[in-house]
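Engineer:
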Amino acid sequence: MIGITNIGIHIAPETVNTVEQADAFGVSRSFIEEKIGITAVSRKKGAMRASALCVAAYQDLVSGGSEAAVEGIDFVCVCTQNGDYRLPQTSAIVQHKLGLPSTCAAFDIALGCSGYVYALHVVMSFMESCGLHKGLLFTADPYSEIIDPKDKNTALIFGDGASVTLMTEDPVLSIGKGAFATHGDMHDSLIKRENKSLSMNGRSIFNFSMLHVPPVVNDCLTANGIKRENVDLFLFHQASRYVVDNLCQRIGLDPQKTPFVVKNYGNTVSSSIPIALKNYLKDSAFRTVLICGFGVGLSIASSLLRRT
Amino acid sequence: MQKVTHDDIAEIVRQQKIRLDWDNFDIKTNLTDLGADSLDIIGILFAIQEKYQIKIADESIAAGNWRSIAQMVDQINAILQAK
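In the order they appear, the protein sequences are chains A and B.
Anchor point for the first sequence: position 180 equals 388 in the working numbering, and the numbering is continuous, going up by one each time.
Anchor point for the second sequence: position 8 equals 993 in the working numbering, and the numbering is continuous, going up by one each time.
(1) Short of 8 Å Cβ to Cβ, which residues in the segment 441 to 459 of chain A face chain B?
(2) Shorter than 9 Å from the beta carbon of Lys-471 of chain A to some beta carbon of chain B?
(3) Asp-1006 of chain B touches chain A at which residues, Cβ-Cβ below 9 Å?
(4) Listed from N- to C-terminal order along the chain, which residues in the segment 1020 to 1032 of chain B have their beta-carbon within a distance smaller than 9 Å of any beta-carbon of chain A?
(5) Express the C-alpha separation of Arg-495 of chain A and Gln-1038 of chain B in angstroms, rounding to a whole number.
(6) What do you reckon, are the CB atoms on Asn-373 of chain A and Pro-463 of chain A nearer than 9 Å?
(7) For Ala-389 of chain A and Leu-429 of chain A, what's the separation of their Cα atoms in angstroms?
(8) In chain B, which residues lie less than 9 Å from Gly-410 of chain A when you measure between Cβ atoms?
(9) Could you run through the segment 417 to 437 of chain A and flag, in chain order, every residue whose CB is less than 7 Å away from some CB of chain B?
(10) In the structure shown, what three-state DSSP assignment does Thr-1014 of chain B receive?
(11) Using 9 Å as the threshold, is the C-beta distance between Phe-502 of chain A and Phe-444 of chain A below it?
(12) Please list the partners that Lys-243 of chain A has in chain B, where partner means a Cβ-to-Cβ separation under 7 Å.
(13) Only counting runs of 4 or more residues, tell me where the alpha helix (DSSP H) segments fall wholly within the segment 349 to 429 of chain A, in order along the chain.
(14) Mind listing which residues of the segment 1038 to 1066 of chain B have their C-beta closer than 8 Å to chain A's C-betas, in chain order?
(15) Is the shortest distance between the beta-carbon of Phe-346 of chain A and the beta-carbons of chain B less than 9 Å?
(16) What are the boundary residues of the beta strand (DSSP E) that includes Asp-316 of chain A?
(17) Please list, in chain order, the chain B residues whose beta carbon lies closer than 7 Å to that of Phe-366 of chain A.
(18) Does DSSP put Ser-236 of chain A in a helix, a strand or coil?
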C-alpha cells in the first residue's frame, strides 16, 4: 500500500519578528508570544514562487545522500492555492525543474489548510489505481504574496514554507481512513478576492474551528477503530497557539500530545502539518499520529497515520 | 423566560480563565479595559453563543454592543426575547 516514506521541508530563511511589531499593531508583546504563539514569520525572497519553494523542499529531501531514494519518480502533485501562475499547473513546472521524465504524471490540488490531508488520500488512491510506484506530494502556499503586511489578522500569523512527501509502496507511515467536512456557507471567512489582499475573519474561523473540528476528529477516530488515549500524537493544522490550545481543551486531549511547533516561522497553511510531522517521522515512539487540517473553504480533513 | 443576569455572564467570563483586573471590575467597564484582549473577547462570545444558542452578528460587535458585561446581558436578553 502506498504511504509516507520520507518528508523534506523548506522554511523560508528570512523572518519578520512579530513581537517587535506589537506596538505598530496596537497589541501587547504577551498577546503575540502567548496567544498567537508566533514570534517570527518566515518570508521568502520576492522572486521565489511556489515552484521554487517546492524545489527547495526537494533539496532537503535528497540531502544526506538519499538521492537514490527518489530515482524513478512517476508522479508529482503540488497542493497550492498560490501557484506560480493561474495556469499552467505548478506541478508541471516542478516536474521540469527537477528534471523528471515526461512519463511522470503531474497535477495540482487547490486546497488550503486542509490540503495536505486531502492530498495524501488523493495521491495514495491515484497511485494505487494507476499502478504508480513513487510519488512526490508537495505543499507550498506562499501567503506573503497575498497578505497585506499592515493587516494584523494575517501579517502576524502566516509564514512561507513548503514540504515534499515521498510516497512509495515501502512506507514508514501508512495512511488510514479519512474523515472530512465542508462548510461552504462560511467560504468568505477566509478569502482572497480579485485585486485584494487576503481577508480573514478571525472570530468566524475560531468559531468554525471550535464547533466543527472536534466532530471530524471523533469521526476519524471511530473510522479507524482507535480510542483517543491510544493515539500517540495529534498534529493539528498550526493555525495559532490559541486555536490549537482551545481545540486540545475542547476535545479533551493531553496537551503533551498536541504540540504547537511553529513559534519561529508561522502558519504555513498546507505545509504546517508535514513540516511538523517531519519532527516525528523517524521517532518510533510515535506509532499512531492523527493529523487534522482545517481552514480555507471552510474545509476540514483528518486522517490517522500508523507506523508500519 | 428567565432573564440572563450579570452573574451568569461574569461566570462565563471567569470560566475563560482570563487574567482580568477583577479588583476594578464593574459590569459597565469594557472588558478590554480590565485586561482582556481581542482573542479573549472572541472566546467569551463563542461561549455565550454556545450556552444560549444564539448568533452574535459581526456588525453588532463592530458597533460596540458587546464590550462590557452589562452590554452583553442586555444584548443576550434582547436576542432571546426576539426568538
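For every residue, glycine included, the Cβ atom is placed at its ideal position computed from N, Cα and C.
Since the structure is predicted, the reported quantities are computational estimates derived from the model, not experimental observations.
Structural biologist: Put simply:
(1) Residues are counted here when their Cβ sits less than 8 Å from a Cβ of chain B; for the segment 441 to 459 of chain A these are Tyr-450 and Asn-454, given in chain order.
(2) In the first sequence, counting from the first residue as 1, residue 471 of chain A sits at position 263. It does not: the Cβ of Lys-471 of chain A has no partner Cβ on chain B nearer than 9 Å.
(3) Reading the second sequence from its first residue, position 21 is the one you call residue 1006 of chain B. Listed along chain A is no residue with a C-beta nearer than 9 Å to that of Asp-1006 of chain B; the closest approach is about 14 Å.
(4) Residues passing the 9 Å Cβ filter: Asp-1022, Ser-1023, Leu-1024, Asp-1025, Ile-1026, Ile-1027, Gly-1028, Leu-1030 and Phe-1031.
(5) In the second sequence, residue 1038 of chain B corresponds to position 53, counting from 1. In the first sequence, residue 495 of chain A corresponds to position 287, counting from 1. If you take the alpha carbons of Gln-1038 of chain B and Arg-495 of chain A, they lie about 40 Å apart.
(6) Residue mapping note: residue 373 of chain A aligns to position 165 of the first sequence, counting from 1. Residue mapping note: residue 463 of chain A aligns to position 255 of the first sequence, counting from 1. According to the sequence as given, residue 373 of chain A is Thr; it is not Asn. In this structure, Pro-463 of chain A does not lie closer than 9 Å to Thr-373 of chain A by Cβ.
(7) Taking the first sequence and counting its residues from 1, one reaches residue 389 of chain A at position 181. Taking the first sequence and counting its residues from 1, one reaches residue 429 of chain A at position 221. Cα-Cα distance, rounded: 15 Å.
(8) Sequence index remark: in the first sequence, residue 410 of chain A carries index 202 (1-based). For Gly-410 of chain A, the chain B residues whose Cβ falls inside 9 Å of its Cβ are Ser-1023, Leu-1024 and Ile-1027, in order along the chain.
(9) Within the segment 417 to 437 of chain A, contact with chain B at the beta-carbon level (separation under 7 Å) is assigned to Met-418.
(10) What you label residue 1014 of chain B is simply residue 29 of the second sequence in a count that begins at 1. Thr-1014 of chain B carries a coil assignment under DSSP once its states are collapsed to helix, strand and coil.
(11) Counting from one through the first sequence, the residue named residue 502 of chain A turns up at place 294. Counting from one through the first sequence, the residue named residue 444 of chain A turns up at place 236. Remark: C-beta atoms of Phe-502 of chain A and Phe-444 of chain A approach each other more closely than 9 Å.
(12) Working through the first sequence from its first residue, we reach residue 243 of chain A at position 35. For Lys-243 of chain A, the chain B residues whose Cβ falls inside 7 Å of its Cβ are Asp-1022 and Leu-1024, in order along the chain.
(13) Inside the segment 349 to 429 of chain A, DSSP marks whole alpha helix (DSSP H) runs of 4 or more residues at positions 360 to 363, from first to last along the chain.
(14) Residues of the segment 1038 to 1066 of chain B that bring their beta carbon within less than 8 Å of a beta carbon in chain A comprise Asp-1043 and Ile-1046, in sequence order.
(15) Locating residue 346 of chain A in the first sequence gives position 138, counting from the first residue. With its beta carbon at least 9 Å from every one in chain B, Phe-346 of chain A lies outside the interface.
(16) As a first step, residue 316 of chain A is located in the first sequence; it is residue number 108 there, counting from the start. Segment 313 to 317, the beta strand (DSSP E) holding Asp-316 of chain A.
(17) Residue numbering aside, residue 366 of chain A sits at position 158 when the first sequence is read from its first letter. Under the 7 Å cutoff, chain B gives no residues; its nearest Cβ is about 17 Å from Phe-366 of chain A.
(18) For the purposes of this step, residue 236 of chain A is taken as the residue at position 28 of the first sequence. In the three-state reduction of the DSSP assignment, Ser-236 of chain A falls in the coil class, being assigned neither a helical nor a strand state.
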